[in-house]
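Asker:
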Amino acid sequence: DTEVTQTPKHLVMGMTNKKSLKCEQHMGHRAMYWYKQKAKKPPELMFVYSYEKLSINESVPSRFSPECPNSSLLNLHLHALQPEDSALYLCASSQQGGKSSYNEQFFGPGTRLTVL
Amino acid sequence: AQKVTQAQTEISVVEKEDVTLDCVYETRDTTYYLFWYKQPPSGELVFLIRRNSFDEQNEISGRYSWNFQKSTSSFNFTITASQVVDSAVYFCALSDAGGTSYGKLTFGQGTILTVHP
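Chains P and F, in that order, are what the protein sequence lines are.
For the first sequence, my numbering assigns the number 35 to the initial residue and increments by one for each residue that follows.
For the second sequence, my numbering assigns the number 2 to the initial residue and increments by one for each residue that follows.
(1) Which term fits Met66 of chain P, buried or exposed, when burial requires 16 or more other beta carbons within 10 angstroms of its beta carbon?
(2) In terms of residue numbering, what span does the beta strand (DSSP E) encompassing Lys4 of chain F cover?
(3) Going along chain F in order, which residues have a C-beta closer than 9 Å to the C-beta of Gln59 of chain P?
(4) Are the Cβ atoms of Asn109 of chain P and Lys70 of chain P separated by less than 8 Å?
(5) If we define contact as Cβ-Cβ less than 8 Å, is Ser106 of chain P a contact residue for chain F?
(6) In whole angstroms, what is the alpha-carbon distance linking Ala73 of chain P and Asn59 of chain F?
(7) Ordered along the chain, which non-local residues of its own chain (more than five positions away) have a Cβ less than 8 Å from that of Phe55 of chain F?
(8) Is there contact between the stretch 35–47 of chain P and the stretch 115–126 of chain P, where contact requires at least three CB pairs shorter than 8 Å?
(9) Would you mind telling me which residues of chain F sit closer than 7 Å to Ser93 of chain P, beta carbon to beta carbon, in chain order?
(10) Below 8 Å on C-beta distance, what does Gly109 of chain F contact in chain P?
(11) Taking 8 Å as the CB-CB cut-off, is Phe78 of chain F touching chain P?
(12) Using CA atoms only, rank isn't needed, just tell me which of P:Ser105, P:Gln130 and P:Leu115 is closest to Gln139 of chain P.
(13) Per DSSP, what kind of secondary structure is Val94 of chain P in: helix, strand or coil?
(14) Does any C-beta atom of chain F lie closer than 8 Å to the C-beta of Ser84 of chain P?
(15) Looking at C-alpha atoms only, which residue of F:Gly111, F:His117, F:Gly109 and F:Asp97 is the closest neighbour of Asp30 of chain F?
(16) Given that Phe92 of chain F touches chain P, what residues does it touch there, using C-beta distances under 9 Å?
(17) Mind checking the stretch 40–61 of chain F against chain P and listing, in chain order, the residues whose C-beta falls within less than 8 Å of any C-beta there?
(18) Got a sec? Which residues, its chain only, sit under 6 Å from Phe78 of chain F by beta carbon, not counting five neighbours each side?
(19) Closer than 7 Å by beta-carbon distance: list the chain P residues that pair up with Phe69 of chain F, in chain order.
(20) I need the boundaries of the beta strand (DSSP E) containing His63 of chain P, first residue and last residue.
(21) How many angstroms separate the CA atom of Val20 of chain F from the CA atom of Ser83 of chain F?
(22) Between Phe76 of chain F and Tyr26 of chain F, which are expected to be in contact by the criterion C-beta below 8 Å, what is the C-beta distance as a whole number of angstroms?
(23) Strictly under 8 Å for the Cβ-Cβ distance: is Tyr103 of chain F near chain P by that measure?
(24) Which stretch, first to last residue, makes up the beta strand (DSSP E) that contains Ser75 of chain F?
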């Protein structure tokens, strides 16, 4: 089962709202990722969790707050977003290979976020 | 620093034509990984292939084939007898093998492939 699930599929929120994006995988992968993708652009890495520990934060504004409650779940808490934060948010997971390397990432279907 | 270049922004072909998507990469690492992903209009990135830097064997999977050449730092992707369902954005990506990068991917800008019936 090479499936990563994300909810919700679509989200519309105002600039004062608080919402959360959820990601789940049951492949036993120990690395999970959040990406942001604008139209006609490649995905941009936001955060990486490895063994439930935040390992990379690509200087993401604090209005985005990641959380990894357990090895299968990854959340992205959103607060006071701006219209320019409207994008496709993708979650991915990967299995750690040998010698601390990481294998291919498997992506979820994404959440299309619109900030009004 | 790593860099991936996909010089072809958009390609348009007619069904059953063969099409090659180019990918050129730059890295100072001696051990690295190369990937191709497909992103159909639905949005999900679908993993197609991973190639390790020490394995220069070409690979064929059905109508898909990949040509990895370290001498020219290229990892090209060919679709034989293209079909309408192949229409998507295709991304080439690179990651190093070091543990501190946690598999971070450097993506190319993507190539939009449109296959017309």
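Beta carbons are placed, not taken as given, at the ideal position from N, Cα and C, and that holds for glycine.
Answerer: Per the coordinate set shown:
(1) Around the C-beta of Met66 of chain P, 16 or more other C-beta atoms lie within 10 Å, and the residue is accordingly described as buried.
(2) Element bounds for Lys4 of chain F: Lys4 to Thr6.
(3) Here the premise fails: no neighbours, minimum Cβ distance about 13 Å.
(4) At a Cβ-Cβ threshold of 8 Å, Asn109 of chain P and Lys70 of chain P do not count as neighbours.
(5) Not one chain F Cβ lies under 8 Å of Ser106 of chain P.
(6) Using only the alpha carbons, I get a separation of about 32 Å.
(7) Excluding positions up to five away in sequence, the list reads Thr32.
(8) They touch, by the three-pair rule.
(9) Residues of chain F passing the Cβ test: none, with the nearest at roughly 14 Å.
(10) Simply Pro76.
(11) For Phe78 of chain F, the answer is no, since every Cβ of chain P falls outside 8 Å of its Cβ.
(12) Minimum Cα distance to Gln139 of chain P is reached at P:Gln130.
(13) Annotated three-state conformation of Val94 of chain P is coil, per DSSP.
(14) It does: the Cβ of Ser84 of chain P has a partner Cβ on chain F nearer than 8 Å.
(15) The candidate whose alpha carbon is nearest that of Asp30 of chain F is F:Asp97.
(16) The answer, in chain order, is Pro76 and Pro77.
(17) Near chain P, meaning a CB-to-CB distance below 8 Å, the residues of the stretch 40–61 of chain F are Ser43, Gly44, Glu45, Leu46, Val47, Phe48 and Arg51.
(18) Closer than 6 Å at Cβ, skipping near neighbours: Leu22, Trp37 and Trp67.
(19) Within chain P, no residue comes near Phe69 of chain F; the closest Cβ sits about 15 Å away, beyond 7 Å.
(20) For His63 of chain P, there is no enclosing beta strand (DSSP E), as DSSP marks it with neither H nor E.
(21) One C-alpha to the other measures close to 7 Å.
(22) For Phe76 of chain F against Tyr26 of chain F, the beta-carbon gap comes to about 7 Å, under 8 Å, which counts as contact.
(23) Output row for Tyr103 of chain F: interface = yes.
(24) Ser75 of chain F -> beta strand (DSSP E) spans Ser75 to Ile80.
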